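**Student:** I am attaching a structure below and will ask some questions about it afterwards.
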Amino acid sequence: MSKKIGILTSGGDCAGLNAVIRAAVYRAHLLGWEAYGILDGTHGLLQDEPLYRKLEPKDCDVNVMRMGGTILGTTNKGNPFAFPMPDGTTKDRSNEIIDNLKKMELDAIVAIGGDGSLSILRKLAKQGGINMVGVPKTIDNDIACTEVSVGFDTAVSVATEALDRLQPTAASHDRVMVLEVMGRDAGHIALAAGIAGGVDVILIPEIQYSLDHLNQKIKNIMQEGGRNFALVIVSEAVKTLEGESRHTALAEGRKRYGGIGHYIGEKISEATGSETRVTVLGHVQRGSPPTYNDRLMAAAFGVHAVDLIAEGKYDRMVAWKNRSVVDVPLKEAIATYQDVSFDDSLVHTARALGISFGDLDDKYK
Ligand code: F6P
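Heads up, the sequence shown is in my numbering, so the first residue is 42 and it goes up one at a time.
Okay, here's the thing in structure tokens:
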């Protein structure tokens, strides 16, 4: 039976979103269904009339999957259950979204989002009796029940490439280079890129560092290690010695992280006398063309999401496990936050390579 499906991207963009959209549209088309792209995430559903457009395979041609960003647009603000109003109050606008989705007469929606937006969308789906399948995307890789989310691989590749470019200039000038990367409260990007990019120190929010240990590591490299430079990667939500994160407070209780790299750079410079420079990588981790891994996973996720709808399996999230696409209950995926665990095998790998986390477990090699 022919179906009408809606596809939306929600939360921060990342590489690979367009590849998911393309795969879902192609699969739906092959089944003889119609696909509609909802524009600007929940924002597009909070208008008087829903913002959407029909998506044909020709709209998602071979160039689209190579592009970062999302052709549908997205938003990472304006929680419809507590929407910030101009007078400073908040309003529950969830029913406006549900009404607009009903106007579109969709059989189901494919919601591509991170943990926050998937939680909001699931709540909307439950309240409105809307059939929904989730696709995990986030450079932070903090969604549970999936080994990896769309966008993470590209972000790690960009951060690794940045380290490849920082190393020669660090060596040329005898400097300590500090690279601040994104990731919110999870240190996955810093951990993976730190190992792949051959850093000396990885600082992540999950592992408490001490400046003494951190600085001792730098001194050892410079004084006894026979090396004139060092590379340090810092995840954006790492705290200062006073236990504060460096962030700007935004509306709706959101935080924009940024600045811990400069703090760490200054501390290293003061204690070791090394010349230090700081690079804040920022949104280049999100906007670049997706890596082959992200394209591959996005393709598998988009196809599987539509197949779940064909089978009438809703309230599920597609996931990546053991080199394959699977699906899990969406409720379980959003129930837990997947940060880096202290016994993560990559933490062990890093330590075994002599990389310091600035903590007591380091052997100052
Ligand atoms: O969640 C993805 C992410 O890129 C985080 O790593 C980062 O802290 C945040 O979004 C940045 O958000 P914005 O694009 O609103 O500045």
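Glycine included, C-beta positions come from ideal geometry on N, C-alpha and C. The structure presented is a predicted model; accordingly, all values stated were derived computationally and were not measured.
Starting from K372, follow the alpha helix (DSSP H) in both directions and report where the run begins and ends.
**Tutor:** L371 to A376
**Student:** According to DSSP, simplified to helix, strand and coil, what is T115?
**Tutor:** In the displayed model, T115 falls within coil according to three-state DSSP, outside both helix and strand.
**Student:** Under the DSSP definition of a beta bridge, which residues are partnered with Y77?
**Tutor:** According to DSSP, which records beta bridges pairwise, Y77 is partnered with G47 and K95.
**Student:** Any idea if N256 is buried or exposed, counting beta-carbon neighbours within 10 angstroms, 16 or more meaning buried?
**Tutor:** Burial call: buried.
**Student:** Determine whether the beta carbon atoms of V151 and V176 lie at a separation below 8 Å.
**Tutor:** V151 places its beta carbon less than 8 Å from that of V176.
**Student:** Over what stretch of residues does the beta strand (DSSP E) that includes A360 continue unbroken?
**Tutor:** R357 to K362
**Student:** Using only CA atoms, which one of R68, E316 and L252 lies nearest to A212?
**Tutor:** E316
**Student:** Would DSSP call D368 helix, strand or coil?
**Tutor:** Judged by DSSP in its simplified three-state form, D368 adopts strand.
**Student:** What distance in whole Å lies between the Cβ atoms of D380 and D183, which are believed to be in contact at a cut-off of 8 Å?
**Tutor:** 6 Å
**Student:** Taking only beta-carbon positions, decide if R268 is within less than 8 Å of chain D.
**Tutor:** Of the chains in the structure shown, none is chain D; there is only one protein chain.
**Student:** Taking the straight line between their C-alpha atoms, what separation do you get for Y405 and R318?
**Tutor:** For Y405, the predicted model reports a pLDDT of 42, less than 50, meaning its position is unreliable; a value from the coordinates is still stated below. Taking the straight line joining both Cα atoms gives about 22 Å.
**Student:** Let's see if you can read the secondary structure: which residues bound the alpha helix (DSSP H) around P209?
**Tutor:** F193 to H214
**Student:** Could you name the residues of the same chain whose beta carbon sits closer than 7 Å to that of G73, not counting the 5 residues immediately before and after it, in chain order?
**Tutor:** S43
**Student:** Tell me whether H324 is buried or exposed, calling it buried when 16 or more other Cβ atoms sit within 10 Å of its Cβ.
**Tutor:** exposed
**Student:** How many angstroms separate the CA atom of V66 from the CA atom of S310?
**Tutor:** 52 Å
**Student:** Between T281, G294, D140 and A351, which has its C-alpha nearest L71's C-alpha?
**Tutor:** A351
**Student:** Quick one, are the C-beta atoms of V275 and I301 less than 8 Å apart?
**Tutor:** Yes; because the gap between Cβ atoms is below 8 Å, this pair is in contact.
**Student:** Under 8 Å, with one C-beta from each stretch per pair, do the stretch 161-168 and the stretch 197-205 reach the 3-pair mark?
**Tutor:** no
**Student:** Please say whether Y355 and A149 have beta carbons closer to each other than 8 Å?
**Tutor:** yes
**Student:** Looking only at its own chain, which residues have a Cβ that is under 6 Å from the Cβ of D181, when we skip the five neighbours before and after it?
**Tutor:** G224, R225 and A227
**Student:** Can you look up A227 in the DSSP assignment and give me helix, strand or coil?
**Tutor:** coil
**Student:** Is DSSP giving Y405 helix, strand or coil here?
**Tutor:** At Y405 the pLDDT is 42, less than 50, meaning the model places this residue with poor confidence; the figure from the coordinates comes in the next sentence. Here Y405 sits in coil by DSSP.
**Student:** Which same chain residues, not among the five before or five after F398, have their C-beta less than 8 Å away from its C-beta?
**Tutor:** The beta carbon of F398 is closer than 8 Å to those of V242, I243, L244, I245, I248, Y250, V388, A391 and R392 in its chain, skipping five residues each way along the sequence.
**Student:** Given that a residue counts as buried once 16 or more other Cβ atoms are within 10 Å of its Cβ, and exposed if not, what is L113?
**Tutor:** buried
**Student:** Is any heavy atom in the ligand F6P found nearer than 7 Å to the beta carbon of R225?
**Tutor:** yes
**Student:** Which two residues bound the contiguous beta strand (DSSP E) that contains G154?
**Tutor:** A149 to G154
**Student:** Nearer than 7 Å: is that true of the beta carbon of R297 relative to any heavy atom of the ligand F6P?
**Tutor:** yes
**Student:** Could you tell me the distance, in whole angstroms, from the CA atom of F122 to the CA atom of E137?
**Tutor:** 10 Å
**Student:** In this structure, how does DSSP classify E316 when only helix, strand and coil are distinguished?
**Tutor:** strand
**Student:** Per DSSP, which one or two residues make a beta bridge with S397?
**Tutor:** V242
**Student:** With distances taken Cα to Cα, identify the nearest neighbour of T50 among G294, G238 and A339.
**Tutor:** Checking every option, the nearest Cα to that of T50 belongs to A339.
**Student:** Could you give the distance in angstroms between the alpha-carbon of N334 and the alpha-carbon of R364?
**Tutor:** 11 Å
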